[in-house]
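Have a look at the structure below, then the notes.
Number of protein chains: 4
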Amino acid sequence: MLTLDFHPTGRHFLQIPGPSPVPDRILRAMSLPTIDHRGPEFAALGLKVLADIKKIFKTKQSVMIYPASGTGAWEAALVNTLSAGDHVLMYETGHFAALWQKLAARVGLKTEVMSDPGAEVWRHGVRADLIEERLKADSQHSIKAVCVVHNETSTGVTSNIAAVRKAINAAKHPALLLVDTISGLASADYKHDEWGVDVSISGSQKGLMLPPGISFNAVSSKALEASKNAKLPKAFWAWDEIIEMNKTGYWPSTPNTNLLYGLNEACDMLLEHGLDVVFARHQRWAEGVRAAVRAWGLQIQCADAAVYSPILTGVMTPEGVDADAVRKIIYERFDCSLGTGLGKVKGKMFRIGHLGDCNDLTLMAALSGCEMGLKLAGVKLAGSGVQAAMDHFSSHSAVMPLRKAA
Amino acid sequence: MLTLDFHPTGRHFLQIPGPSPVPDRILRAMSLPTIDHRGPEFAALGLKVLADIKKIFKTKQSVMIYPASGTGAWEAALVNTLSAGDHVLMYETGHFAALWQKLAARVGLKTEVMSDPGAEVWRHGVRADLIEERLKADSQHSIKAVCVVHNETSTGVTSNIAAVRKAINAAKHPALLLVDTISGLASADYKHDEWGVDVSISGSQKGLMLPPGISFNAVSSKALEASKNAKLPKAFWAWDEIIEMNKTGYWPSTPNTNLLYGLNEACDMLLEHGLDVVFARHQRWAEGVRAAVRAWGLQIQCADAAVYSPILTGVMTPEGVDADAVRKIIYERFDCSLGTGLGKVKGKMFRIGHLGDCNDLTLMAALSGCEMGLKLAGVKLAGSGVQAAMDHFSSHSAVMPLRKAA
Amino acid sequence: MLTLDFHPTGRHFLQIPGPSPVPDRILRAMSLPTIDHRGPEFAALGLKVLADIKKIFKTKQSVMIYPASGTGAWEAALVNTLSAGDHVLMYETGHFAALWQKLAARVGLKTEVMSDPGAEVWRHGVRADLIEERLKADSQHSIKAVCVVHNETSTGVTSNIAAVRKAINAAKHPALLLVDTISGLASADYKHDEWGVDVSISGSQKGLMLPPGISFNAVSSKALEASKNAKLPKAFWAWDEIIEMNKTGYWPSTPNTNLLYGLNEACDMLLEHGLDVVFARHQRWAEGVRAAVRAWGLQIQCADAAVYSPILTGVMTPEGVDADAVRKIIYERFDCSLGTGLGKVKGKMFRIGHLGDCNDLTLMAALSGCEMGLKLAGVKLAGSGVQAAMDHFSSHSAVMPLRKAA
Amino acid sequence: MLTLDFHPTGRHFLQIPGPSPVPDRILRAMSLPTIDHRGPEFAALGLKVLADIKKIFKTKQSVMIYPASGTGAWEAALVNTLSAGDHVLMYETGHFAALWQKLAARVGLKTEVMSDPGAEVWRHGVRADLIEERLKADSQHSIKAVCVVHNETSTGVTSNIAAVRKAINAAKHPALLLVDTISGLASADYKHDEWGVDVSISGSQKGLMLPPGISFNAVSSKALEASKNAKLPKAFWAWDEIIEMNKTGYWPSTPNTNLLYGLNEACDMLLEHGLDVVFARHQRWAEGVRAAVRAWGLQIQCADAAVYSPILTGVMTPEGVDADAVRKIIYERFDCSLGTGLGKVKGKMFRIGHLGDCNDLTLMAALSGCEMGLKLAGVKLAGSGVQAAMDHFSSHSAVMPLRKAA
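Chains as they are written, first to last, in the UniProt record's numbering: chain A, 1 to 406; chain B, 1 to 406; chain C, 1 to 406; chain D, 1 to 406.
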């Protein structure tokens, strides 16, 4: 057992933007004995989670549940809809958008990366007008898919997916719309059907509050149609067999049963609370955290208030301060994990997750850790972020009553 | 399942002075399948926890492990050593001392309550000099036992047990020394043998970081001698049969096996860390919390810095402010439980526990909740306690390295 | 962790008559974080389990839930209703009846032990006619209580409690009726109110399928009346304060919260299944086990078919065969725990528990272990008990459908 | 929670050939809080399981640990070593070999299926001589890989992998040897390096006693060399990035952390027991089960005693008896899951798993269920398999002492 090393004393504060802290209720559900994935109880479980996850994606169409982590679901979205050499337009909003592009190239697609040339690196969401312009220029319709990230986990910037769909339509372009909402789903509002997304990709370890190991593809009929002619080789990821088997609550390959117990419990929790309550809760937390960052006099990575992420906040450290040195102090001294700056922003920022099994005081703990760590690292702060966050949380009531005293 | 009600979102902050937050490692140990308490595996477990608990009490003598909560162990200490009508001297330092007196009277003892008449109510530890004086006056040796509380859970005041023993000796009085260290053991240093205690009483749900349900009597040879002539009826609590059966790792009546799994794990954790590290950790936390109370401009219930409790801090609310109204706000708005004022200090103070599965950021969370709640309740604060605690925790390194970054 | 030692490979078969195998669902409930036993969630839990346990005892009156094991509840029943030197009539049906008598004597009661002088030792239930006769002879009403055991865990013999009440009434005797149903409750039908029991004593680790650590006193108004004049010292066990505090869902001393989580879950399971289904299930298992014993050509400890226990079966080994040597083989070779012969039947019989988290195949496993072990110990068997049990279980459908195939 | 539906009473007997029953110790390890998969604790865990799993495969080379189930690892083995249209020789020993062929065809390989034309369907292992013959005929070396299954989960037939390697060498053929040991690893001996396997494929839910969700590729230097020229698109499955990242204990995509906690615990258990003890244990169980099948007068699916599977036994039902009807009775009446007949043997046989968290009495329970179910289904049995298994288990001591009585 490695448990002692994990818990010298007190519970670790896991404030990275995923894996998010998993509620005890889910951890316990996951520890029930594994059952026969070809038996009747399993079918009941399978049908239940397949129905629930549609509600979470706000779709009436099929959702694949893969026994694999998110990277696999990226690959699945591509190999089910595209053929070798197909041209895809990928908008780079941050590190995960960049990784997805790398993966697309690796499976044999011709990737075109676009971003706003005039903007600062990784501080803005997708500019739908640029996409529209690019698609209009593609009069041959050589572009087969547009790939965007809903919530950039590396920066704390969201993108307006409905606007992207509108842009594609305005350009009268047949390209598919593929959206990574790995960290957006179940924390920020997401409307697969209403927004006209063709493939939505997500994972278990963020808003769903599960450990990693499950990932998703939600599809449209257009995507399904495309899958019939897509030539990239696929077997494990192939939608057709999964959709067929799912009708009876089973999967063609072995599902990871115990994580499905957790998914079942997570869906119950989210739907019991109500998705709108869940989203409002994240918004409120995010505002508290941003109040802290502003009080410190530091920059929020997301430069556009319209697309602040409700799930995480990127905090830019001042010129000359290594953000990872700050994180290290907070980790070693205060037992709190924060997200590192990835790729182009490495060392320049750190990320505070405000998702999963979380509440106001969890965030106060994390912000205290940040404030102490920043000071210990020698950062001059304009004021107390902790104070600002307390002001915010006390002046804004919680979305849902937490406790009722007798 | 009541789990949803317990956890609307995020983990509850249980900052009462016991039951303390139980580490996951212990909760998991407790959920192992129950075994035959007359079988050989059980004997191994029994001998192990009996040996470990002696190290925790710092005694080489017998320790009874009762499958019952602390009140039972109070009763056990009395019925094993005394006879109906025996005169006992009980020093009232707070609510639990008062409850113990009530229990002693109820089982048929003649209780004499003493305290420092000149002192404010429940803000000081035992005055050993007053005990010495009283015992000297008892030239007939009618007093059979002196009962004191090591760490008053209702106030956050400790008492100097070694000084009490010295006082008894100085008075050349044969009275037994019975000590309640229910909340002291395993959080503050406790030396059953060295301090010359005759019966030490403790429980599982405080420094041992277990759920309630186990309690203890550590004994001396003088106490064992007394037990041979003690006439109060007893069976379940009787030491003689327990000590006899314990030789082989068993108990005369059914032990509560799954809590013993937890006790085994708790002892492992405490002894792996080292008791000195554990005690220093609590001291450091306590100092941080007291720094906060002072910065708020509020009074600490314990008026004597020499006997501040490392386990909990009593916070007095200003005249006219109902401490329970403050607690209610903190509970309902911020999902944090604090201890209520008990008995004579009801409504006048609340208690912050800093024990069990805890760390700096847990306390920062709790103090943030307190600061927000106090303000919301209309209390004028002199300054930010949260700021003061952050200053304390950042300028004092943790006792034990928490994490090591790669 | 001692886990490896407990589980070399495969799950141990715990076929002792308690502690019974605890369902995973209960073990998981018990591992939830401990909450404040003075907070509002606790009150909800407290009121819930207090209401549920009344349904299990089939009483509308108060039930004490003690954070202690069964021996304590024996003591509680006595000290709440009797005074020092009171004369109690105790019917010896087996080892636990004898232990209760020993405890009663130890707390200062005058115990009169009776049994059927003409009967074989410990093979029959209570003879109510003998009790009636004895009470009629007690014209001075010096006898204050009649104490009987509902299900003798040491022998597998039940007693007709309704008949005992009828006998007391027929004798027009005011003695209280105190009944130990520690292993009977929730496995065999028990009607506290209808049967006119004054104090029923039970524990958690048998039919309630919990680990040990909780015990009960169900009371009558006559018992409550008696408790006002009972002079035996008591505090921890005192009913009055408990009943008062229970009105709001709390207890005067610290309850063992995590075991109450388990009790809550156990009551849910039992009441969801329905008590009649639960009782019928135990009867069916018991018949299967007795069929096996008969096929082996061995004697069932209970000599009277009318009072066979549905909870356990005592198996007498032939003259010259040490029952404990048989048990040892079964334990060491086949990882199955059986109950030992206690007191007067030590070495002459062993006990098979058929209670708790159990099903037909669990019992087939246990009976296979017994049959192999008996043969390895050199016992000549008349035939295959395993075969007989299979015949029984296949020709008698389960009480409740277990699984439904798709 | 679906828990009640899963556990009406007693623990379900999961006797399918995987997912195998998961030990409590592993389930508990899996329920620990998820940690940051980019933090230092994770690296320690990663390096530990990477080192341990090599010992289990008996290899000094790299082992990929995929956060995906076994089908994914089949695909990974192919896409990392082969190019579109490559010719692979696949030996059909049963349903899983057939499924693997289907997957290989789907990812774009030219599959050649071979088997022994003169043999009964799916009752024999691989004939290495036929492979040698075929490879010798392939003078152009168009065959790029030979794919065989070590332990056919659908039949209970193993194949001699060392002999296949010898055959390839004898043919002086450069084809890679790819072996599916999904259900063989950690239950039957497996020597990746010594046997000269190029890619070994395995999964978590069989001998490793974990829930499904982890799968493996163990590789050779020849396979790594081949991977440099393999043209099938791949990203998630790509070995190169995994091997690179694994050096520091991390993975390029998100690992399924909580299942790795389980893997860590499983490796500890297996290596503490010793692999030889583990293998011998399975052999002994398998012999007991086969003794039962023979006593019933039924055929074992595996027609060749030299390659009986230690992990599962296929039981052929008599002509006219639907094996699935038998399974349904056993499931519904006796709460025991058995494996169905798959593909070409559907309805003609069922499978008894004897792996995972299992012991003699677990198997006696399962065999009792089978015997009762077969009779209830109207199958005439030659004799009692249960009796035969008891004879076997009592006359053959367990491989490892289970328990030691005091």
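Glycine is no exception: its CB is placed at the ideal position from the N, C-alpha and C atoms.
Owing to the predicted nature of the structure, the values given are computational and were not obtained by experimental measurement.
Return the residues of the stretch 21-36 of chain A that lie within a Cβ-Cβ distance of less than 9 angstroms from chain C, sorted by chain order. Per Cβ criterion, the list reads Asp24, Arg25, Arg28, Ala29, Ser31, Leu32 and Pro33.
B/His87 bridges to which residues according to DSSP? B/Lys110 and B/Ile143
Simplified DSSP state of B/Phe42, which is helix, strand or coil: helix
Span of the beta strand (DSSP E), counted from its first residue to its last, around D/Tyr66: Val63 to Tyr66
For A/Leu177, which residues from the same chain have a beta carbon less than 7 angstroms from its beta carbon, with the 5 sequence-adjacent residues on both sides left out? Cβ within range, chain order: Val146, Val164, Arg165, Ile168, Gly196, Val197 and Asp198.
Would you say A/Phe96 reaches chain F, if we count a Cβ-Cβ gap shorter than 8 angstroms as a contact? Going by chain labels, chain F is absent from the structure shown, which instead holds the protein chains A, B, C and D.
Can you tell me the Cβ-Cβ gap for D/Leu208 and D/Leu185, rounded? I've got them flagged as a contact below 8 angstroms. 7 angstroms
Can you tell me which of the three DSSP states B/Asp335 falls into? Coil at B/Asp335, not helix or strand.
My understanding is that D/Asn256 touches D/Gly213, with C-beta atoms under 8 angstroms, so please give their C-beta distance in whole angstroms. 6 angstroms
Inter-residue spacing [alpha-carbon to alpha-carbon] between C/Lys328 and C/Ala171: 48 angstroms
Once you ignore the five residues that flank C/Tyr91 on each side, which residues in its own chain have a CB closer than 6 angstroms to its CB? Excluding its 5 nearest sequence neighbours in each direction, C/Tyr91 has C-beta neighbours in its own chain below 6 angstroms: Met114, Val126 and Val148, listed in chain order.
Do you know whose CA, among B/Arg281, B/Ser309 and B/Asn217, lies nearest B/Ala77's CA? B/Asn217
I'd like to confirm the pairing. Which residues does DSSP put opposite B/Gln299 in its beta bridges? In the DSSP output, where bridge partners are listed per residue, B/Gln299 has B/Met316.
Alpha-carbon spacing of D/Glu286 relative to D/Ala388, whole angstroms: A quick correction: the sequence has Ala, not Glu, at residue 286 of chain D. Distance between the alpha carbons of D/Ala286 and D/Ala388: 13 angstroms.
Say whether chain B places a C-beta atom closer than 8 angstroms to the C-beta of A/Val386. yes
On the three-state DSSP scale, how would you describe B/Thr81? helix
Nearest by alpha-carbon distance to A/Cys358: which of B/Glu112, B/Phe334 and B/His354 is it? B/Phe334
Would you verify that the beta carbon of A/Asp52 is, or is not, closer than 8 angstroms to some beta carbon of chain B? Judged by the 8 angstroms Cβ criterion, A/Asp52 is not in contact with chain B.
Return the Cβ separation of A/Thr9 and B/Arg281 in integer angstroms, given the expectation that the two are a contact with Cβ distance under 8 angstroms. 7 angstroms
Name the two residues that bound the continuous alpha helix (DSSP H) containing D/Phe393. Gly385 to Ser395
Should C/Pro174 go down as buried or exposed, given a rule of 16 or more other Cβ atoms within 10 Å for buried? exposed
Determine, for C/Leu184, whether the minimum Cβ-Cβ distance to residues of chain B falls below 8 angstroms. In the sequence on display, residue 184 of chain C carries Gly and not Leu. No, no contact with chain B.
For chain D, find out if any of its Cβ atoms is closer than 8 angstroms to the Cβ of A/Glu132; answer yes or no. Look at A/Glu132: its C-beta is not under 8 angstroms from any C-beta on chain D.
Inter-stretch contact (C-beta, 8 angstroms, three-pair minimum) for the stretch 343-361 of chain C and the stretch 375-390 of chain D: no
From B/Phe393 to A/Met364, what distance separates their C-alpha atoms? Rounded to whole angstroms, B/Phe393 and A/Met364 show a C-alpha spacing of 15 angstroms.
With three or more C-beta pairs closer than 8 angstroms as the rule, is the stretch 54-63 of chain A touching the stretch 187-196 of chain A? yes
Return the CA-CA distance between A/Asp5 and D/Glu41, expressed in angstroms with no decimal places. With a pLDDT of only 45 at A/Asp5, under the threshold of 50, the placement of this residue in the model should not be trusted; the figure read from the coordinates follows. One C-alpha to the other measures close to 8 angstroms.
In the DSSP assignment, what residue or residues form a beta bridge with C/Met209? Answer is none; C/Met209 lacks a bridge partner.
Cβ neighbours of C/Ala279 in the same chain (closer than 8 angstroms, five flanking residues each side left out): Here residue 279 of chain C turns out to be Phe, not Ala, going by the sequence shown. Contacts found: Ser187, Ala188, Asp189 and Pro310.
So if DSSP puts D/Tyr308 in a beta bridge, which residue, or which two residues, is it bridged to? D/Val157
Anything in chain B within Cβ reach of C/Gly39, meaning under 8 angstroms, just list it in chain order. Residues of chain B passing the Cβ test: Tyr331 and Ser337.
Candidates D/Leu109, D/Glu112 and D/Leu130: which alpha carbon is nearest D/Gly118's? D/Leu130
To the nearest whole angstrom, what separates the beta carbons of B/Ala230 and B/Val121, a pair I think is in contact under 8 angstroms? 33 angstroms between Cβ atoms; not a contact.
Please classify D/Ile352 as buried or exposed, where buried requires at least 16 other C-beta atoms within 10 Å of its C-beta. buried
Bridge partners for residue 429 of chain A per DSSP, in chain order? In the structure displayed, chain A extends from 1 to 406; residue 429 of chain A sits before or after that span and is not available.
Taking the Cβ atom as the reference point for each residue, do C/Pro33 and B/Val22 lie within a distance shorter than 8 angstroms? yes
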